[in-house]
Amino acid sequence: MPDIERLLAEMTLAEKIGQLNMLAAGFTVTGPVLAGDITGGVREGRIGSVLNVFGVKAVHRLQLMAVEGTRLGIPLLFGFDVVHGQRTIFPVPLAEAAAMDPVLWERTAREAAMEAARDGVALTFAPMIDVSRDPRWGRIVEGPGEDPTVASLFAEAKVRGFQGRDLASPSAVGATAKHFVAYGAPAAGRDYASVDVSERTLHEVYLPPFEAAVKAGVVAVMPAFHDLAGEPMTAHGDLLDRWLRVRTGFDGVVISDYHAVAELIDHGVAADVAEAAALALKAGVDIDMMGYAYEAGLPKALDRGLVDMADVDRAVRRVLALKQRLGLFDAPYGRGTAALDEDHAAGVRALAREAARRSVVLLDNAAGVLPFPDTVRRIALVGPLGDAPYDMLGSWSAAGDGAEAVSILNGLRAAMPGSQVRFAAGVPIDGNDEAGIAAAIDLCRQADAVVLAIGEGANMSGEAASRSSLDLPGRQRALAEAVLDLGKPTVAVICAGRPLAVDWLVGRAGATLAAWFLGSEAGNAIADILTGAASPSGRLPLSWPRNLGQVPIFFAERTGGRPDDPADRFTSKYLDVPNTPLFPFGHGLTYGDVTIAGVDVERTEITADEAFDIVVDLRNEGRVAAEETVFLFARDLVASVARPAMDLKSIARCALAPGESGTVVFSLPARDLSFPGRDLRPVLEPGEFELMVGPSADRKRLIPTRVRVLGDRRSANG
Ligand code: NOJ
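The opening position of the sequence shown corresponds to residue 1 in the numbering used here, with each subsequent residue numbered one higher.
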């Protein structure tokens with residue numbers, strides 16, 4: 001293990017800047033291709049980290065150049081976007097969030113890390129923990145939804161899963177919490193657009209997941225592309241340094257987003273590359289990803305006195321320390337040496353299938369169409385997502401191969417060998433071609449039941465994929481309506497990276513599933529749900545709007561002074577739609593019938609240092625086993641700042657056999673009822689709180705109870 005200070009003392013300025021420089025080498029779908037120019041840079045010590053190169057051969061070849069071929073032999077750091085799997089692709093994060101299970105989130109991250117590490121990757125640019133309440137934004141698919149509590153649990157679980165117990169182990173990868181911060185609230189839902197949220201919202205909604213990631217030991221943070229009320233995040237010293245490092249205690253590396261340092265010029269806050277480099281470095285950005293801005297700008301910035309050597313050294317120290325923590329000095333070729341064990345690979349596919357089926361949300365089953373009874377022998381699968389294995393992977397599918405993904409068609413055929421499953425796309429995902437509708441309708445006429453596989457293509461969400469409409473693209477609605485007009489038992493399976501405006505569909509289809517993009521095992525998982533081999537258990541991680549006009553829509557709204565009252569026109573409402581979403585946050589049906597038999601708060605008065613135990617009795621009155629999720633919300637009834645009508649505090653799950661009763665116990669420390677006070681410091685204000693327990697954020701289904709926190713108003717940290 002090197003002595004970092006001694007190493008630093010030996011480094012030339014060019015070598016130091018090299019450590020702050022991360023460059024990509026391109027790759028194709030068949031494997032990585034080394035771009036000619038990066039090998040020269042590696043040999044000269046001008047590149048300290050590389051992104052987008054994976055596969056043992058390619059990684060080790062470059063590593064050899066760095067370790068054996070450069071003056072100081074400092075190993076390279078290989079980073080890659082392992083957002084929801086490396087080779088085996090798990091559900092997109094928005095889907096996996098629906099499982100509401102931190103244990104699952106950690107397990108899938110662990111497996112993704114092991115596959116990535118086997119490919120030589122040492123750092124993932126994940127988890128993406130951007131809370132978002134705007135489904136126009138394409139990147140909502142990459143994050144855990146609308147709620148900061150869910151996002152914080154997700155952040156912790158993913159960091160633990162990626163990093164494992166020992167960061168230096170050849171099966172661990174460092175995690176990067178991104179995109180810091182409030183990237184999920186761009187103006188008009190357009191990717192990369194400016195963000196303007198209040199400081200309060202920043203502290204209540206967008207910062208908490210990052211704090212959770214830091215507490216879980218995340219080794220890297222990536223500032224987002226946008227400007228926050230005029231200050232580009234790549235140069236935001238207040239947040240990157242004072243909040244993240246000083247207040248939260250982050251001690252890792254800050255890595256810019258792709259080309260973001262150079263883009264400070266485009267933002268209009270830097271006149272040239274030297275100023276851009278200086279702004280970012282001073283703000284605390286250690287690594288410049290793909291900007292060439294540190295390489296080109298830092299020498300000039302030093303000359304002009306915009307930065308000094310201590311600023312450069314601080315960043316280099318952090319990068320070297322990260323390489324050390326990842327075990328790269330001791331074992332530069334460590335990742336990639338473990339052999340692939342076939343049993344293990346089969347286990348990963350099984351986990352992908354489990355994660356996928358637990359991510360499916362059964363939105364509606366009013367007609368009781370699901371699960372299919374044995375009498376369903378002839379199935380018509382229609383719609384452009386029915387046989388679309390590549391789309392099943394969703395955005396950022398790393399080294400995943402769509403050819404290995406299970407389509408809905410193949411999943412259904414495998415699960416129903418005694419039945420006939422026939423397929424017709426009917427229409428393409430997008431575009432005006434309706435020529436195939438007639439043939440699809442013919443197929444439906446001959447079937448006992450129809451599976452309507454509709455939605456978006458994988459490339460319609462993700463980075464640079466915002467939409468100004470939440471409608472089904474192309475002519476899919478025409479296809480769906482023609483199918484529904486037949487009056488056959490029909491299940492709508494919606495594959496999409498965001499909630500779509502489908503109020504016209506729900507209720508007309510006998511059942512509707514949110515199937516997002518479920519990854520390599522998508523088709524098998526969907527078949528598990530349709531056939532009843534598994535009971536659905538996913539719950540919406542966001543409010544599902546009725547139409548685009550309701551956006552942004554989220555349950556943690558404040559009531560305002562004129563909360564919606566149907567009897568009073570002059571209250572907050574629309575003329576044309578209810579305020580409520582089509583489906584609330586937390587909504588998701590099972591094949592069981594679970595009811596909350598009782599909610600009991602063991603003590604209704606506690607002091608600020610104590611906790612409330614809330615005991616919830618559940619009973620499955622149905623004939624099928626079910627995994628139920630229970631949410632605990634709270635409202636501070638009178639506070640110095642108006643509080644949201646509902647704040648999510650905790651989530652619990654409970655598996656119940658038919659006829660079985662069970663209990664979940666929430667233990668809620670009084671300090672969890674604190675909030676950013678008027679000075680934005682966390683404060684716990686004594687007084688009465690309403691606690692609400694139920695299966696979703698639908699107020700009509702919540703069981704309320706009141707508790708009181710005793711004592712004086714006090715700072716929650718003190
Ligand atoms: C740009 C994306 O915003 C970021 O999430 C990603 O990690 C980098 N590109 C690298 O691929």
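Here a beta-carbon is modelled for each residue, glycine too, at the ideal position from N, C-alpha and C.
Determine whether the beta carbon atoms of Leu202 and Pro223 lie at a separation below 9 angstroms.
No Cβ-Cβ contact shorter than 9 angstroms links Leu202 with Pro223.
In chain order, what residues of the same chain lie with their CB nearer than 8 angstroms to the CB of Asn432, ignoring the 5 residues before and after it?
Gly474 and Arg475
Specify whether the stretch 201-219 and the stretch 246-255 touch according to this definition: at least 3 beta carbon pairs, one from each stretch, less than 8 angstroms apart.
yes
Pairwise C-alpha distance: Ala439 and Gly418:
When the Cα atoms are used, Gly418 and Ala439 turn out to be separated by approximately 24 angstroms.
Leaving out the 5 sequence neighbours to the left and right, which residues in its chain are closer than 8 angstroms to Pro581 when beta-carbon positions are compared?
Ser543, Trp544, Pro545, Arg546, Gln550 and Ile553
With burial defined as no fewer than 16 other Cβ atoms inside 10 Å of the residue's Cβ, what is the status of Ile703: buried or exposed?
exposed
So, at 7 angstroms on beta carbons, what are the nonlocal neighbours of Asp647 in its own chain, with the 5 sequence-adjacent residues on each side left out?
Taken in chain order, the residues that qualify are Ala556, Phe633, Ala634 and Arg635.
Going by the C-beta, is Lys178 closer than 8 angstroms to any heavy atom of ligand 1?
Within the cutoff, so yes.
Buried or exposed: which applies to Ala657, given that a residue is buried once 16 or more other Cβ atoms fall within 10 Å of its Cβ?
By the neighbour-count criterion, in which 16 or more other beta carbons inside 10 Å mark a residue as buried, Ala657 falls on the exposed side.
Option nearest Leu385 by Cα separation, candidates Ala514, Ala274 and Ile129:
Ala514
Separation of Val150 from Phe423, as counted between CA atoms
C-alpha separation (whole angstroms): 38 angstroms.
Can you find the residues in the same chain that come closer than 6 angstroms, C-beta to C-beta, to Thr176, ignoring five residues on each side of it along the sequence?
Phe125, Ala220 and Met222
Boundaries of the beta strand (DSSP E) in which Val599 is found, first to last residue:
From DSSP, the beta strand (DSSP E) with Val599 extends over Val594 to Val601.
DSSP three-state assignment for Leu8, whether helix, strand or coil:
helix
Give a yes or no on whether the C-beta atoms belonging to Val577 and Gly598 are separated by under 9 angstroms.
no
Run the proximity test for Phe225: is its beta-carbon closer than 8 angstroms to any non-hydrogen atom belonging to ligand 1?
yes
If you measure between the beta carbons of Ile4 and Tyr294, is that distance less than 9 angstroms?
no
Between which two residues does the beta strand (DSSP E) harbouring Val707 extend?
Ile703 to Val709
Examine the Cβ distances between the stretch 52-72 and the stretch 328-343 and report whether three or more of them are shorter than 8 angstroms.
yes
When the Cα atoms are used, what is the spatial distance from Ser49 to Pro186?
30 angstroms
Measuring straight from C-alpha to C-alpha, what distance separates Gly138 and His226?
15 angstroms
Opposing strand residues paired with Thr176 [DSSP bridges]:
Ala220
Let's see if you can read the secondary structure: which residues bound the beta strand (DSSP E) around Thr663?
First-last of the beta strand (DSSP E) with Thr663: Ser661 to Pro669.
Where does Thr30 fall in DSSP's three states?
Caution applies to Thr30, whose pLDDT of 41 falls short of 50 and renders its modelled position unreliable; the model cannot decide the point.
Kindly indicate which three-state DSSP category Ala492 falls into: helix, strand or coil?
strand
Could you check whether the Cβ of Phe250 sits closer than 8 angstroms to any heavy atom belonging to ligand 1?
no
Presumed contact (8 angstroms Cβ cut-off) between Val261 and Gly291, rounded CB distance:
4 angstroms
Using a threshold of 8 angstroms, is the CB atom of Tyr258 nearer than that to any non-hydrogen atom of ligand 1?
yes
Determine the closest residue to Phe689 out of Cys654, Phe612 and Thr663, with distance taken between C-alpha atoms.
Phe612
Could you check the C-alpha separation between Gly161 and Arg378 for me, to the nearest Å?
Between the alpha carbons of Gly161 and Arg378 lies a distance of about 42 angstroms.
What is the residue span of the alpha helix (DSSP H) that Ala321 lies within?
Segment Met309 to Arg325, the alpha helix (DSSP H) holding Ala321.
The beta strand (DSSP E) that contains Ser650, what's its start and end?
Asp647 to Leu656
Any heavy atom of ligand 1 closer than 8 angstroms to the CB of Asp81?
yes
Under 8 angstroms from any heavy atom of ligand 1, does the C-beta of Met222 make it?
Indeed, a heavy atom of ligand 1 lies less than 8 angstroms from the Cβ.
Is there at least one non-hydrogen atom of ligand 1 closer than 8 angstroms to the beta-carbon of Glu463?
yes
What's the gap between the Cα of Met128 and the Cα of Ala567?
The C-alpha of Ala567 is placed about 43 angstroms away from the C-alpha of Met128.
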